[in-house]
Amino acid sequence: LEDDLFVLRRYSDNSPFSFNAISDPSVTTEQMEALIDAIVDGLFSVCATLGVVPIIRCQKDNAAEQVAVVS
3 LEDDLFVLRR YSDNSPFSFN AISDPSVTTE QMEALIDAIV DGLFSVCATL
53 GVVPIIRCQK DNAAEQVAVV S
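The sequence shown begins at 3 in the numbering used here and counts up by one.
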């Protein structure tokens, strides 16, 4: 693994932070917004702790873009 790698939350089989959970077409808008908010909070905490301003690169038209825009 990389020296700069970090995990916002440990993975489990029913983890809402898994790729499958994020990509699941049956996820409601409310569930996706809650997931995005949790990711944003986690990224903000990491950046505040490190004292850095992040540059987030992501694909367009998916949850990653929403996280990047909200940040």
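For every residue, glycine included, the Cβ atom is placed at its ideal position computed from N, Cα and C.
- Contiguous alpha helix (DSSP H) elements confined to the stretch 8-60 occur at 21-25 and 31-52, taking only those with 4 or more residues.
- Your pair Leu10 and Gly44 checks out as a contact, with CB atoms roughly 4 Å apart and the cut at 8 Å.
- Look at Glu4 here: in three-state DSSP terms it is coil, with no helix or strand label.
- Between Gln68 and Ile38, the beta carbon gap of about 5 Å places them in contact (Cβ cut-off 8 Å).
- The residues Arg11 and Ala23, in chain order, have a CB closer than 8 Å to that of Ser17 in the same chain once the five nearest residues on each side in sequence are set aside.
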